[in-house]
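All remarks here apply to the structure that follows.
Residue numbers (the numbering used here), protein chains in the order written: chain X, 11 to 609; chain U, 385 to 770.
Laid out in structure tokens, this is it:
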């Protein structure tokens, strides 16, 4: 156990590719936390998907032992946090668990959008912030310009900034010294009742659920019985320990420390991020403020391409859900797609991550249906049902009105792109709430319907602003609007997986766009195929995919038999990736692509 | 295993891999080489013929085909030696068809009578276009006028002659093609091979296409119209379509190619040549030789087996039988399919396709109906659905 005065807890804030993970690696190396021979690039990002996308999804942590220039030994705890808006709640919790941040800015690039979003989280959490200007080994590095930007745009003092090259190791020692000398030590009451914040949790095949905690007051030892204050669940603690970055058992965790506990907890769902953990007996009575379990806001259907893999999919989903409390699922049947699951996610990235993991780790090919939000459908008899799936829409004649979730979106964007951003928000039925400037950046706040955001809002925002916008949102409750269910018919057969809820005023436009998209996405067949969008029985848009006219006119002699046969095999394999609706084959990507609005 | 080859016949294909220039559309196994040791190639071919004669005794050779490359660059004596060796080592049919592919240049035309003397009785001329600018664009070395002269010489020199045209070319309209085909049909040939230009990867056209630099290709609708017009005009001229891109007067079909399409047996000799043949005790074997002329030549001279061999599964044989056979207007036999594939075609799918007018059934035969010939891939895909 370390004295409070000799602990420093910190996180690293950075834009993607500005060198956050490389810096973390270098700190681990400089403090010799990991033997050189065990070092591999980006130690903290464990999952493949994270590594490939260069983003961190779950919070990772590492404890570093550092003997400072003043001769004292310090414990430095780094929590590496996810940077994406889908996981904003997790980020804010992680930030609350530490007292300071390193703000890493690529000195060849300058301050970028994500830097802002994340640094404001750190400022919100009252962090002491040490600016670190990275990549000074590159010729394009301009430390002075970046310092100016940090002061102007973010509004923090850059005089104590440290210039480093995480690549060469230059300046790393100075960073460690700044962590010790500039960042505050944590506060806490060693003698008070045990109180810790649940920062993150995940499933480990051998240990059960591993819970990452930040101890606030008191101590925790192996064998003690703990209580989760949100639900009162009690567990005996099997072990406590720290991350270096591999798990290492410890005898005791005291105030200010960051570590883990295991307690034969079976499901991650039982351990909610932000919850307060205390002793069962003589525990704390007042939980830490701000606990607010995250709820899924985006839903979609996941179906196996090969219906024989349904049971495998169930298995995969159950296992993933064990490790992800914010992911929900229930079985679903679609006339078109067979058996699958209706799944709920925190946002679109969360959706993509889960889908990728199922496809990659469990080797199941998936069809993903149109993402949808949860509507509140008020019936004429006064009851209200939650609609997770447009296919379940009740008979319109029995509906009194429908409410949809709205969000308050905050977008920070360089001046140059403001017009495009305003247009995008306006196009998505947004209501402007605020528009202000910070330096050459505008901050716009919009009230937007969530269903307009879930499709491809983030992609569009990134593309119209060349990646310079940062975007954050919070749910603002439900509001009534004129919402209808639009169905799609291909060759006169309804494709339930493509039906969607839309605003009545936007239905024609969306219907037309959908039909045009499908016309491009569905391969031509031997016959012509009408593609229609309809509300109830009324067709609001129609396209016709003309018949394929020729697919074979090349020569074919003795030498071509093998090649042609292999080509046919390939065609056959390609066809397996499609779904049959009546006589029409629809490729999988049509289900997602058809829903993107424009490119 | 049944001796299925008897249904399709037996033939020998011989590949000459050299050309004077590589045409930008061509994805055949061909090379431009400064010096070719004709004697070495002759011995290599002869050794290969001997090797196959030992392996497949008692076969009756119905056709020999000299393809390439540009086999009209072969010395007539080499051609003669090959034909003689086949006749010595195999039994040959009385009406054996011996075809040589030739470029219609004046130089090559001057050798036609020597080829005739060597035993070649059918020639297939790579005319490709009947106007000079298009010939140039296709990378051909002959002029239109030269081609016309060569065509006349060929008609006199050989019993039978055919020529190839490539259409749906860059900047070619339906009416351009109609006019060109009309001219072609006046030349008195009883066999034509009419191919649409296909852009193959690994060719100069393929590269240009990928880079977006191959403009003026006709739309799918225009090329489909060109195809329809071709089928009609040839029929009216008395040389109806007998295969997707081949047209002939009755009795004038290419017997050699019919063996491929009827899924008969053939031995492939030369670099990159393919073969298909059955042994009485074994299932059908597919062979493929190395593409490199030098490698092939070396191995052949050393008398080494060099082809990769694969025993085709029943399913693979069924698929190949259909994809080759349904190209023919005569269609395929369902019984023979069952014999090869070890299972029937799905009666449900057959009934469905018949009711949609995609196929016609005549006793044991199925035939793709006229309007679906150019959609054969789509038809096949449905026929072999699981």
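Cβ coordinates follow ideal geometry from the N, Cα and C atoms, glycine included.
A direct Cα-to-Cα measurement between residue 384(X) and residue 397(X) gives close to 5 Å. Taking CB atoms only, residue 581(X) has a neighbour in chain U less than 9 Å away. Residue 441(X) counts as exposed, since fewer than 16 other beta carbons sit within 10 angstroms of its beta carbon. With the rule of 3 Cβ pairs closer than 8 Å, the segment 534-546 of chain X does not count as touching the segment 362-379 of chain X.
Chain-order list of chain U residues neighbouring residue 536(X): 740, 742, 756, 759, 762, 763, 766, by C-beta distance under 9 Å. Against residue 604(U), the close residues of chain X are 534, 558, 559, 560, in the order they occur along the chain (beta-carbon pairs closer than 9 Å). In this structure, residue 659(U) and residue 650(U) form a Cβ contact; the two beta carbons are roughly 6 Å apart against a cut-off of 8 Å. Only 629, 630, 640, 641, 643 from the segment 629-643 of chain U bring a Cβ to less than 9 Å from some Cβ of chain X. The beta carbon of residue 443(U) does not come within 9 Å of any beta carbon belonging to chain X, so the residue lies off that interface. The continuous beta strand (DSSP E) containing residue 495(X) extends over residues 493-500. The C-alpha of residue 558(U) is placed about 7 Å away from the C-alpha of residue 609(U). Per DSSP, reduced to three states, the secondary structure at residue 292(X) is coil, with no helix or strand assignment. Proximity of the segment 475-489 of chain X to the segment 559-568 of chain X falls short of the contact definition, fewer than three beta-carbon pairs being nearer than 8 Å. In chain X, no part has a C-beta under 9 Å from the C-beta of residue 720(U); the shortest such distance is about 16 Å. In this model, residue 253(X) and residue 210(X) are separated by some 13 Å (Cα to Cα). Counting C-beta atoms within 10 angstroms of its own C-beta, residue 555(U) has fewer than 16 neighbours from the protein chains shown and is therefore classed as exposed. Counting every other CB atom within 10 Å of its CB across the protein chains shown gives residue 71(X) a total of 16 or more, marking it as buried. Chain X places a beta carbon closer than 9 Å to that of residue 580(U), counting this residue as a contact. Residue pairing of residue 652(U) in beta bridges, as defined by DSSP: 397(U). With its beta carbon at least 9 Å from every one in chain X, residue 617(U) lies outside the interface. Within chain X, the residues placing a beta-carbon under 7 Å from that of residue 704(U) are 571, 575, ordered along the chain. Here the C-alpha atom of residue 768(U) lies approximately 24 Å from the C-alpha atom of residue 671(U). For residue 263(X), the closest of 273(X), 274(X), 277(X), 231(X) by C-alpha to C-alpha distance is 231(X). Looking at the backbone, the Cα of residue 727(U) and that of residue 572(X) are separated by about 21 Å. Interface flag for residue 488(X) against chain U is unset, since no Cβ pair is found closer than 9 Å. Neighbours of residue 578(X) in chain U, taken as residues whose beta carbon is under 8 Å from its own, are 703, 707, 761, 764, 765, 768 in chain order.
Only those residues of the segment 653-678 of chain U whose C-beta falls short of 9 Å from the nearest C-beta of chain X are listed: 656, 657, 658, 659, 660, 670, 672. The alpha helix (DSSP H) runs of length 4 or more contained entirely in the segment 438-505 of chain U are, from start to end of the chain, 460-473, 490-493, 496-502.
Using a Cβ-Cβ cut-off of 9 Å, residue 218(X) does not count as an interface residue toward chain U, since no Cβ of chain U sits closer than that to its own.
Considered as a whole, the segment 295-319 of chain X harbours no complete run of any alpha helix (DSSP H) with no fewer than 4 residues.
Within the segment 535-578 of chain U, the beta strand (DSSP E) runs of at least 3 residues that lie entirely inside it are, in chain order, 544-551.
Considered as a whole, the segment 357-435 of chain X harbours 376-378, 385-389, 394-397, 409-424 as its complete beta strand (DSSP E) runs of no fewer than 3 residues, in chain order. Under the Cβ distance rule, residue 513(U) does not count among the residues neighbouring chain X, no pair being separated by less than 9 Å. The secondary-structure analysis by DSSP pairs residue 212(X) across a beta bridge with 220(X). At a Cβ-Cβ threshold of 9 Å, residue 197(X) and residue 225(X) do not count as neighbours. The secondary-structure analysis by DSSP pairs residue 442(X) across a beta bridge with 456(X).
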